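Residue numbers (the working numbering), protein chains in the order written: chain A, 1 to 337; chain B, 338 to 628; chain C, 629 to 770; chain D, 771 to 1116. Glycine residues also receive a C-beta, built at the ideal position from the N, C-alpha and C atoms. Note that the coordinates shown come from a computational prediction; the quantities given were computed from them, not determined experimentally. A short worksheet on the structure shown next.
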Amino acid sequence: MWLKMFEPSGPTTCLVMKVSDMEKELRQEAGKLLEEGTVDYIIGFAPGSLKFTTTPLITEDIDEINNLVINPFINNNLAKYLPEIPGRVGIIAKGCDSRSIVSLIQDKQIARQDIVILGIPCSGLVDLKKVEKLAGKERDKIDDIVVLADKVCITAGGEKKEVPTTEVLFDHCLGCELQIPKEYDFLIQEPAAEIRDYESSSKQIQELKKMSPDQRWAFWKEQFGHCIRCYACRQVCPACFCERCFVEESQPRWVSPVSQWQDNLIFQAIRTIHVAGRCTDCGECERVCPVNIPLRSLSKEMYDLVGEMFDYKTGMDVNAPALMTAYELVEAEGLIR
Amino acid sequence: MTITQIKQRKKDLDRENNVYMPHIVLVDKIIEETPSVRTIHFHFKDAKLNNEFTFESGQFAELSIFGVGEATFCISSSPTRKDHLECGINRVGLVTNALHRLGVGAEIGFRGPYGNHFPLDLMCGKNLVFIGGGIGLAPLRSLIWNVLDNRDKYGKIDIIYGARSVSDLCFKYDLDTWEEDKTLNTVITVDKGDGKWRGKEGFVSEVLRDAAPSCGNTIAIVCGPPIMIRSTFPVLEQLGFTPDQVITTLEKRMKCGIGKCGRCNIGNLYVCRDGPVFSYSRIKDFISDEY
Amino acid sequence: MKQNTEEQPRIVGFLCKWCSYAGADLAGTSRKKYPSNLTVLKVPCSGRIDPLFVLKGLRLGFDGVLVSGCHPGDCHYQTGNYRARRRIVVTKKFLEYLGVPEQRVQASWVSASEGAKFAQVVEDVVENVRAVGPNNLFSDEG
Amino acid sequence: MITKKINKKDIRKLLGTWNQECSVIVPTREQGIVEMAGWDNKDISFLDWYRNTVVPPKACFLPQSEVMISFQKKENGLKIEVPQDEHKQIIFGIRPCDARAVAIIDQVFADTYDDYYYSSKRRNTLLIGLSCSNPYDSCFCTSTDVNPTESEDVDLMFMDIGDEYVIEEITSGGKALLNTSSMIKKATKADINKAKEVRAASVDKLKKKVDTKDVDRKLQSCFNDIDYWEQVSAKCISCGICTFLCPTCFCFDINDEMIKKHGARYRGWDSCSFRSYTKMPMENPREEKWRRVRQRVCHKFEFYPMNLGINACTGCGRCIRLCPVNWDITQVIAGLPGEISVHSGK
């Protein structure tokens, strides 16, 4: 009930996903699960308290099911919550979320039979930072964002602007590899629009690779000077499920808890390596960073690295072993003498 | 809640003194109490400070090893015995492990004393029951010696002390002295004795119930691990003690020791600034929940 | 283990106790000469080597890091080094991407009988690391 | 009381004069992050784009990390030094919500023991407020007793009335800053009337409201309502954004570090959202997430007012705007069960 206090004005139309029909179907299915007692909780998205935002909805209350929404702002990777919620859980999953869920199952953090996956097709999510830049106005000063398959109309301060959809979607969405969940118990049957731009999806990585090692190091040094060590990147990441993170260890103290660029960089570098093979390139770490560190340029590189070296795609197959628990007799030749 | 109120409360910001700067103390002596607890005796490097330094039973200090860190310890020696200071150190973390590696003569940092102290004026003329568990004897010991050094000011004294096992009993030399002292009633218990143990067995709360000290004109002082504190309060209540008659000293994670860094609160009370000594009546509402 | 604080460049080596460490021993007992720049840390298995060790070594000012274990197939614990291999190559590649010169982090398989190989590996590592100069990665200047 | 005014065109010159005597700190944008940083002596474009900083101005007094004591291993023992920082600074452009927050933290650091590191910076700083007429949709300062165009917590208060700023002189230190300058004119009656209009309009722009009356009492009565706290904390991910970027959160951690022969004792921000915050070797009094969420809300609206007489929230809205999961403190406050519904302790 307390979600309804603020009525944010969401996007008026959205043709990329036939939203209202999908929402109806989803609510029906989720409601049934709760009602029949198949699950104890439903995890999904509800309208946020601010314009163009959504918020995770974790509920056992059937009355709240009508708050479930689907729109191009359902950013969070809800798989994050699965290990901490007891009982059987019904979870609304976009393609990338479903990969994280599968990865958690592969890592034995959750059991497949405890999870009911309600898959939804996803054509990509809107990156508000990009919209703000295009509109020249901050989020709360934008009146409307209408997302169509080929173009997006942004209305702000009486001005209307039309741009190709590729210009407002998150970078990681432009490189999406799974729009419709492969692993699901219920799927909303609706095709997703293929909106891709692989080149801009990893543009910064390509630029970094053109630099010399010294220049790259200087780049990251500068970036991690901004880091405030709020650990939002770690906390929001479904792959970071350790009970106790190495940064909290004091004996030995691997990384200083003091925020200085050296230790900030080590923290993030190790975090990225530790989630190798678990990272699904959902882009949450970069989205939540309050100081805009391009974290995806680290995680995506790692994602590509394990993809190339071990021909491994995270979260595509529940029965496959997790990357770091498996091996081939001959692989990665030439790197170790 | 207006801004004028803020200004009234705002104190002079111009004092020069840096409370975070530790004094240097030298380790005189190390006593291994149990496999994981040692007591260190120390004095200030600065002779002047040695004379001027005063504290009260129940107060604590921040000991530090430069380059390793700071940790909080209560002062376990009595203010009535001035030749040196003592702290009991349980080896559990980064700093305490480093303190366990020190030898005699080492220089460490000391800042304090901080916090409030046991209300000696309130205890004066009353019967006292000391209830301690494990390393929780350290703050009590400061008070017990303080009281024993002024024995005639107090009535009947009971000491009930327990530890997990015989080898976990701290300050055995003191326990022996107290057991021999005919003006005290000392009961020592262990959760589970070894073959040679001839004292009591069982939890402190159970032994307390059996000993059943009278609540008339009596104050009970409790210190030990949270689980012991939690189980002792109901027994004291059964024995007729009112919450005002029960005093405890609490331990929480602390960093600054002076009410600023934020983490040691129980409700609106900061253990470092408003405590560590509390009457049970003051913390009753929070204690079951967050301690 | 005597820690070497004098020779430049300084290298820290994480050696698996069953193979590489024994290999280092053999190099010693058979009087093979190799540079004394190496500070050796013994680990139970190359599978124990966390990427943290590598970065911590660099953070503490070592100019290079060597990790070494049994040859694939020879692991005392059957599969430890296979798993280590994935982790090590990922770490190596990723640090390169961050801007750590590849010479600073090196890996090798050395068995207990390869004293000569061990000496050669150390010699090569020292030479490679010397070529990229002292480790200023974590200094505030520059 | 508004007494003076200055033409907008003269602001650069005014800041320039000040910058000769002490460092002038202004809102600065780097990589899309706005924070208070040293002024480059030229650029005053922030007057056009600046709404509020991401990193609150508390960072000027309680930096994200600072050296408390530095040590150096020498042959004859340890050399210990305390960094001295007595440089004078002016923070230009602080918003009334953040200025109130500074006044709130001032109390903590002056309480009982004076905090050397905080107060040595604080006492050498003058705050110059800038009225706010473009609030975010997450701002709710009018609900926490802050007026977006007025402040008593600064030394000078500037208010935008179009081509000019009218100025309130709050402290003698602030007054002295204006004495030396010929650009400062006397405010006319018309200016003051204009200011009144702007004030009313600015207050009107704050649409987000929450009733903070009786919150402390409500919190007291639902302290043990575990269902409520579990429900509202469910989506929290326990990161440190809301606390680190809160202008009134002051919790810190102290840590030592030693690499080779050099080391230091650092102090840095800490957050009650972190599980490690209260962790002790044997147990953790706030292990569960709902306890940590409860601590944050209760500290702001119950414990702080109990101890120091004022709510420790100024409605700046940062924690709402920046939260990765849109955890909205106003909803939690508004949703508090009205009357006592106490559950048994554990």
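A distance of 8 Å or more separates the beta carbons of I273/A and F681/C. Along the stretch 135 to 212 of chain A, the alpha helix (DSSP H) occurs as fully enclosed runs of 4 or more residues at 171 to 174, 198 to 201, 203 to 210, listed in sequence order. P416/B is outside the set of residues whose beta carbon lies under 8 Å from a beta carbon in chain D. Here M929/D is bridged, per DSSP, to V936/D. Counting along the chain, D458/B sits inside the alpha helix (DSSP H) bounded by residues 457 to 460. As a beta-bridge residue in DSSP terms, Q859/D pairs with S793/D, T895/D. Straight through space, the alpha carbons of K844/D and R438/B are spaced by roughly 21 Å. For the stretch 1002 to 1014 of chain D, the residues whose beta carbon sits under 7 Å from a beta carbon of chain A are, in order, A1004, K1005, I1007, S1008, C1009, G1010, I1011, F1014. Between the alpha carbons of L683/C and C644/C lies a distance of about 18 Å. Contact annotation for L305/A against chain C: V718, K721, F722 [CB-CB distance below 7 Å, chain order]. Put simply, the stretch 92 to 102 of chain A does not touch the stretch 250 to 266 of chain A. Fewer than three CB pairs are less than 8 Å apart. DSSP, read as helix, strand or coil, puts Y41/A in strand.
Closer than 8 Å to the CB of L295/A there is not a single CB belonging to chain C. Nearest C-alpha to F831/D among G899/D, R782/D, C1019/D: C1019/D. Per DSSP, T53/A lies in no alpha helix (DSSP H) segment and is marked neither H nor E. C792/D is the residue among C792/D, P1107/D, K778/D whose C-alpha sits nearest the C-alpha of L947/D. The Cβ-Cβ distance between D486/B and S415/B falls below 8 Å. If you look at T941/D, you'll find it isn't in any alpha helix (DSSP H); DSSP assigns it neither H nor E.
Taking a cut-off of 8 Å on C-beta distances, the stretch 1000 to 1013 of chain D does not touch the stretch 943 to 961 of chain D, as fewer than three cross pairs fall below it. An exposed status is given to Y198/A, since fewer than 16 other beta-carbon atoms sit within 10 Å of its beta-carbon.
Annotation: F410/B to P476/B spans about 9 Å, alpha carbon to alpha carbon.
Nearest C-alpha to L125/A among L295/A, R99/A, R287/A: R287/A. Closest option to P290/A, judged by alpha-carbon separation, among R1088/D, D810/D, G1079/D: R1088/D. Counting only residues of its own chain and dropping the five nearest sequence neighbours on each side, P637/C has a CB closer than 7 Å to the CB of N665, D691, G692, V754, V757, R758, P762. For H437/B, the three-state secondary structure derived from DSSP is helix.
When the Cα atoms are used, P321/A and K137/A turn out to be separated by approximately 47 Å. Ranking A79/A, I180/A, P86/A by CA distance to the CA of V102/A puts A79/A first. Residue burial annotation: A971/D is exposed, with fewer than 16 other C-beta atoms found within 10 angstroms of its C-beta.
Annotated three-state conformation of K779/D is helix, per DSSP.
When only Cα atoms are considered, R1045/D and C598/B end up about 16 Å apart.
For Y498/B, the enclosing beta strand (DSSP E) has its first and last residue at 494 to 500. Check the Cα spacing between V640/C and each of V671/C, G708/C, R713/C: the tightest is with V671/C. For S202/A, the CB contacts under 7 Å within the same chain, skipping 5 residues up- and downstream, are G175, K300 in chain order.
Contact annotation for Y231/A against chain D: C1009, G1010 [CB-CB distance below 7 Å, chain order]. Three or more pairs of CB atoms, one per stretch, sit closer than 8 Å, so the stretch 224 to 240 of chain A contacts the stretch 67 to 86 of chain A. Between C227/A and I293/A, the C-beta gap is smaller than 8 Å, which places the two residues in contact.
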